[in-house]
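I have placed the structure first, in the form of structure tokens, so that the comments after it can refer back to it.
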Ligand code: GLU
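Numbering (my numbering), first residue to last: 1 to 479.
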């Protein structure tokens, strides 16, 4: 039988990275086995489900490259299917109607808890026989009857056999009095109706599984395989949440992560293949299987994700990176930059020192902005505030102005000559120029950078820095 899996998010928030990992595991499992990956939006909770979240989830999946083969199906559009199966379940004598209000039910369940008794049909018969026939003005709920003895168990593909004593599994509502079905019911109907062969999901659903098995049996469906993936923890070993920082895929996208880096990182959270860290998608499809998924929770490590992102940026070709930052570039310069070989050369130089696309953009900005918005403060104190360095900078400006071939070789020569003449360290002069040009004290090799930037732009920036120094630095006060 060919593999059919699904990702079934509830659109009550943005796509969490835990959810994204579940989606990726399902996707890779389907691709590895040549099966089908289905997307199903579980939007029966009308109050909490929002259209904008559905859109955001679909966008995040698309961005990550998790392509689905079928769907998205919407549970809210499948009520007729659920009704049919409800009728079938009742016809098979597996469910019963109960005419009680939600408050009555809660009170009764509380009292049972105190007596350490479970909510089962026999207990209702004993204590509230009147609930089992119509009561004026009270709409009924439909309850599924759970077995009273034996075990409810299944072989989890990750956890091994998981077993629950049947007497501990309470009867539960599958259809509410407001005429809506409950999660455990619709999830089973959908998984069976969509012929899902493997249910791969977070282990927060382990406790729902025995209830779902009861419904599978009540409807006469075959059980799928279950695989519960351990949760993701924050660095403090507590369940990953907003407290630990960004947790949505969208937030990582905005923070300048490449989708393939996040994809690769999330797969490795809980799945391993020897010590290998970096995988192409094709390799993952070839190598991924549930046998590589561990039983223990994975710890989310933002540093490692950042490292991986840097590796992916370093390995990306320049055109790709240009496309990634395109929207941030000044609109009036986009097309010019897109055909400017010097800019592409600069992308090549700075990508090796950029861990995110935001850093990449920041490291490129000096190329297309006339002047730095500000000069690094520490740099100003060290390199803009010494008279000999300032004098050398002015002299260097003159040398550059005279230069016919504005290239690395001639630039290096001019820097050396001037620093000797003014008796300043070559490094201090280079740092002053770097600060003048980029506003920062780190950049790729200065001669290479200036050659790429070109004579006109370089001179303008240095001139601006000279003026800035004249009006902001008082050399008299320098000790
Ligand atoms: N809609 C459920 C959730 O978002 C998933 C249900 C399932 O995978 O069985 O947690």
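Virtual Cβ for every residue (Gly too), placed ideally from N, Cα, C.
The model shown is predicted, which means the values in this text are computed figures rather than measured ones.
Cβ neighbours of residue i in the same chain (closer than 6 Å, five flanking residues each side left out)
| i | result |
| --- | --- |
| residue 163 | 151 and 153 |
| residue 411 | 447 and 450 |
| residue 99 | 131, 134, 135, 138 and 140 |
| residue 155 | 161 |
| residue 10 | 42 |
| residue 54 | 11 and 41 |
| residue 19 | 9 |
| residue 417 | none |
| residue 424 | 388, 389 and 392 |
| residue 195 | 4 |
| residue 56 | 14 |
| residue 82 | 181, 186 and 189 |
Beta-carbon proximity list for residue i, same chain, < 7 Å, skipping 5 on both sides
| i | result |
| --- | --- |
| residue 269 | 21, 232, 298 and 300 |
| residue 367 | 343, 346 and 453 |
| residue 284 | 28 and 267 |
| residue 470 | none |
Inter-residue Cα distance where the pair is residue i and residue j
| i | j | result |
| --- | --- | --- |
| residue 453 | residue 461 | 10 Å |
| residue 394 | residue 328 | 34 Å |
| residue 262 | residue 305 | 7 Å |
| residue 479 | residue 381 | Note that residue 479 scores 48 on pLDDT, short of 50, meaning its location in the model is unreliable; the coordinates nonetheless yield the value given after this. Whole-angstrom Cα-Cα distance: 11 Å. |
| residue 96 | residue 134 | 12 Å |
| residue 336 | residue 321 | 16 Å |
| residue 17 | residue 172 | 31 Å |
| residue 255 | residue 378 | 26 Å |
| residue 440 | residue 385 | 15 Å |
| residue 295 | residue 430 | 54 Å |
| residue 84 | residue 193 | 12 Å |
| residue 437 | residue 398 | 16 Å |
| residue 24 | residue 33 | 14 Å |
| residue 463 | residue 58 | 50 Å |
| residue 239 | residue 230 | 11 Å |
| residue 175 | residue 338 | 59 Å |
| residue 210 | residue 169 | 7 Å |
| residue 122 | residue 224 | 30 Å |
| residue 281 | residue 353 | 25 Å |
| residue 350 | residue 311 | 13 Å |
| residue 271 | residue 293 | 4 Å |
| residue 348 | residue 77 | 50 Å |
| residue 480 | residue 288 | With the chain represented from 1 up to 479, any question about residue 480 goes unanswered, as that position is not in the structure. |
| residue 445 | residue 331 | 29 Å |
| residue 442 | residue 309 | 20 Å |
| residue 466 | residue 249 | 45 Å |
| residue 373 | residue 362 | 12 Å |
| residue 324 | residue 357 | 7 Å |
| residue 405 | residue 474 | 35 Å |
| residue 49 | residue 74 | 11 Å |
| residue 208 | residue 88 | 22 Å |
| residue 251 | residue 257 | 9 Å |
| residue 200 | residue 290 | 9 Å |
Contacting residues, own chain, Cβ-Cβ under 8 Å from residue i (five flanking each side not counted)
| i | result |
| --- | --- |
| residue 391 | 422 |
| residue 259 | 63, 64, 65 and 253 |
| residue 220 | 92 |
| residue 481 | In this structure the chain extends from 1 to 479, so residue 481 is not present and cannot be described. |
| residue 376 | 435, 439, 440 and 441 |
| residue 396 | 414, 415, 418, 429, 433 and 462 |
DSSP beta-bridge partners of residue i
| i | result |
| --- | --- |
| residue 200 | 227 |
| residue 181 | 175 |
| residue 161 | 155 |
| residue 70 | 38 |
| residue 271 | 293 |
| residue 232 | 298 |
| residue 239 | 233 |
| residue 141 | 98 |
| residue 248 | 16 |
| residue 4 | 36 |
| residue 135 | 138 |
Beta carbon proximity, residue i to chain B, threshold 8 Å
| i | result |
| --- | --- |
| residue 355 | The structure shown has no chain B; it contains just one protein chain. |
Query - At least 3 beta-carbon pairs within less than 8 Å: the region 100-107 vs the region 60-70 - result: no
Query raised in the report: For the 8 Å Cβ check, are there 3 or more pairs between the region 178-193 and the region 311-331?
Result: Flag = no, the region 178-193 and the region 311-331 do not touch.
Query raised in the report: For the region 4-16 against the region 30-47, are there 3 or more C-beta pairs whose distance is under 8 Å?
Result: yes
Query raised in the report: Does the pairing of the region 112-129 with the region 234-252 give three or more beta-carbon distances under 8 Å?
Result: no
Requested in this report: Could you tell me whether the region 140-147 touches the region 83-102, using the rule of 3 or more Cβ pairs below 8 Å?
Outcome: yes
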